[in-house]
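In this text, residue positions in the sequence shown follow this note's numbering: the first is 18, and each later residue adds one. Note that beta-carbon positions come from the ideal geometry of N, C-alpha and C, so glycine has one too. Working notes, structure below.
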Amino acid sequence: MRTDRYSVTQVAKTTGLTRAQVRSLVSNEVVHAERDRNGRYLLGFDDVVLVRAAAHLVADGVTMSAVRSAIVHARNELPDGVDVSQVVFAVDGGSVTVSYDGEVWEPKTGQVVMSFDGSDTAAPAPVHSLSDMRRRGEMPTDADAEDWFLEGDAVEGDDIDAAEEAYRRAIELDASHVEAHLNLGRLLHARGVIDEALVHYRAAAHLDPADATPWFNIGVAHEDAGHGAEAIRGYEQALRVEPTFADAHYNLANLYEAEGSELAALRHRREYRKLRG
């Protein structure tokens, strides 16, 4: 039995999914992950295999909500003792199919599609990505918060306005979507809309207290706004959550130096250098 553990970043690099997509599979309990002492997710080998299967479906244009549904249904239909990472997922005729032990079926309906007997199968129908559908005004009516979030993540490099709209839509559908709050906050922050950015950073910090990133972002936003004391509080809270957050130490060193707190500045600069090697 493989006991290796992989971080979200490692899994994203291995499978081709974004970190947000991997985290969405974990947060929706499609794959299992444990947290390390700093609260970061670690995935086992079998779950990485399952994430890779999800990545292939996403590459074929399947929405994340459909991917999650297919995996969950397949898991529920398999015999006892058979892990869902052992089956093969594919797209056929516009539907997700599962193959295992000589049979192919649609996990959502349980309907058998074919057996491995050499019989002909229909050519798969073209499947379009959410981004393609959105550009044609065809965003699925059943798109959920995760679909909208991933749409924002996909278009952010090309269309900031569309990304912001998608993140807002995700939050409308699910106010507890941490990554949507973080990304929307980051876009607003970049545009100089600091007060609203802070609202979303704080929401993310409240929703996921084991993640230091929202507190770090709060510190950066306050620092950019010239609020030194509030920035220090944000960075210090980030370090309480994750003591090895090197950039928080670096920014604190600069802030403490600027206010004349030489000992505090030296302490954080030493920690930063130690962490950066």
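Boundaries (first-last residue) of the alpha helix (DSSP H) holding residue 50: Note, residue 50: premise wrong, no alpha helix (DSSP H); beta strand (DSSP E) at 50-52.
Looking at residue 252: is its Cβ nearer than 8 Å to the Cβ of residue 271? no
Between 89, 241 and 67, which lies nearest to residue 214 when the distance is taken from Cα to Cα? 241
Given residue 363 as reference, the closest of 22, 261 and 205 once Cα atoms are compared: Residue coverage of the chain in this structure runs from 18 to 294, which leaves residue 363 outside it and unanswerable.
Counting only the same chain and skipping the five closest in sequence on each side, list residues whose C-beta sits under 7 Å from that of residue 165. 183, 186, 187 and 190
Residue 169 - DSSP class collapsed to helix/strand/coil: helix
In angstroms with no decimal places, state the Cα-to-Cα distance between residue 259 and residue 109. 45 Å
Can you list, in chain order, the residues of its chain whose CB lies under 6 Å from that of residue 180, leaving out five sequence neighbours each side? 169, 172 and 173
Simplified DSSP state of residue 251, which is helix, strand or coil: helix
Can you tell me where the beta strand (DSSP E) holding residue 230 begins and where it ends? No beta strand (DSSP E) contains residue 230, which is instead part of the alpha helix (DSSP H) from 230-241.
Sorted by chain position, which residues of the same chain lie with C-beta nearer than 6 Å to residue 222's C-beta, five sequence neighbours on each side aside? 231 and 232
Closest by C-alpha distance to residue 103, when choosing among 209, 116, 111 and 93: 116
Rounded to whole angstroms, what's the CA-CA distance from residue 68 to residue 294? Just pull it up for me. 33 Å
Return helix, strand or coil for residue 61, following the three-state DSSP convention. strand
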